[in-house]
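229 is the number that numbering that gives the first Met the number 0 gives to position 230 of the sequence shown; each next residue is one higher, with no gaps.
Yeah, the Cβ is synthetic: ideal placement off N, Cα and C, and Gly gets one too.
Please read these numbers as outputs of a predicted model, since none were measured by experiment.
Following: one structure in structure tokens, then a few remarks.
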Amino acid sequence: MLVSAKEMLNKARDGKYAVGQFNINNLEWTKAILLTAQELNSPVILGVSEGAGKYMCGFNTVVGMTKGMIETLKITVPVALHLDHGTFEGAKACINAGFSSIMFDGSHLPFEENFAKTTALVNTCDVLGLSLEAEVGAIGGEEDGVIGQGECADPDECKKIADLGVTMLAAGIGNIHGKYPANWPGLSFSTLEAIKAKVGDMPLVLHGGTGIPADQIKKAISLGVAKINVNTECQLAFQEATRKYIEEGKDQQGKGFDPRKLLAPGFEAIKATVKEKMELFGSVGKA
Ligand code: 13P
């Protein structure tokens with residue numbers, strides 16, 4: 000069954016660990032993440048960007064595939080199916096399709112517009128029992144063509160959005176989507192502390208989880224981060240394992256061209272990456 004992310008994140012905040020959001024792209028990704036969560040008895044959030052949703056033939060297909068897998072694979076750990084960086088229209092489409100969790104990203108809009116649209120979704124999600132993530136201060140890097148600069152959010156704006164009653168809040172603290180440049184100064188913990196002081200108990204979300212050093216991840220969790228998003232790292236792991244398989248000529252041996260064989264090393268690589276992250280985030284055994 001798909002569940003809202005509310006309970007798992009409140010538990011994570013209280014228990015000082017974080018739940019991983021792993022973005023999905025296709026059947027292999029979804030299956031790898033669900034199986035790893037079950038094996039490690041960890042709650043998990045499946046992230047779907049609007050671009051990935053389109054690629055997977057729309058949000059209805061994503062809901063059908065995920066629910067089917069949960070049933071057939073006998074997944075009993077809490078799973079939230081979450082729209083990642085949604086537009087207002089995308090949020091409405093995912094609500095209608097049966098997602099259990101929504102992110103409305105109005106961080107690039109004028110603050111008043113972000114506030115008004117987040118307000119509208121708070122009420123809808125509340126009535127339907129869905130969790131809602133809002134964002135203040137764009138996360139840097141590229142996500143479906145949107146580029147930012149590792150911005151830091153304004154703590155007062157964070158408080159205004161948190162006070163609307165969203166479930167969790169993504170706030171820029173110098174984090175960036177994709178690989179971090181060599182000269183990246185690291186997360187801004189002073190910004191995180193200032194935001195935490197304003198928003199109190201609100202679980203905070205750290206985007207751009209790929210490549211953040213383990214000590215910074217642990218410190219961010221100790222300062223109130225309860226959800227960490229990882230996407231690029233699974234893509235890189237899949238790419239490296241697939242490249243190795245082909246470069247070793249395995250696709251040309253026997254039935255190595257069979258997609259079920261060709262995609263298997265990448266699938267295992269995603270599982271290993273998800274396991275490593277769940278161990279680092281501390282969510283193992285917390286289902
Ligand atoms: P990365 O691709 O940097 O891991 O970021 C993922 C993310 O934040 C999705 O919202």
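Judged by pairs of C-beta atoms under 8 Å, the stretch 100–111 does not touch the stretch 65–75, as fewer than three such pairs exist.
Contact between the stretch 123–132 and the stretch 152–172 is present: 3 or more CB-CB pairs across the two stretches fall below 8 Å. At a Cβ-Cβ threshold of 7 Å, Gly177 and Thr231 count as neighbours. Comparing C-alpha distances from Pro180 to each of Ile245, Leu1, Gly149, Gly199 shows the shortest one belongs to Gly149.
According to the DSSP assignment, Glu134 belongs to no alpha helix (DSSP H) but to the beta strand (DSSP E) extending over 130–135. Relative to the non-hydrogen atoms of the ligand 13P, the Cβ of Asn95 never comes closer than 6 Å to any of them. By the neighbour-count definition (other C-beta atoms within 10 Å, threshold 16), Ser189 is an exposed residue. One thing to note: Leu120 has its Cβ no nearer than 7 Å to the Cβ of Phe98. Look at Cys151 here: in three-state DSSP terms it is strand. Of all alpha-carbon atoms in Ile94, Leu26, Ser41, Leu33, the one lying nearest the alpha-carbon of Tyr54 is that of Leu26. Between Lys116 and Cys157, the alpha-carbon positions lie close to 15 Å from each other. Taking non-hydrogen atoms of the ligand 13P into account, the C-beta of His81 is found less than 6 Å away from none of them. Closest by C-alpha distance to Thr29, out of Tyr244, Ala133, Leu186, Lys66, is Lys66.
Bounds of any beta strand (DSSP E) do not take in Asp250, whose DSSP letter is neither H nor E.
Thr35 sits buried, since 16 or more C-beta atoms from the chains shown fall within 10 Å of its C-beta.
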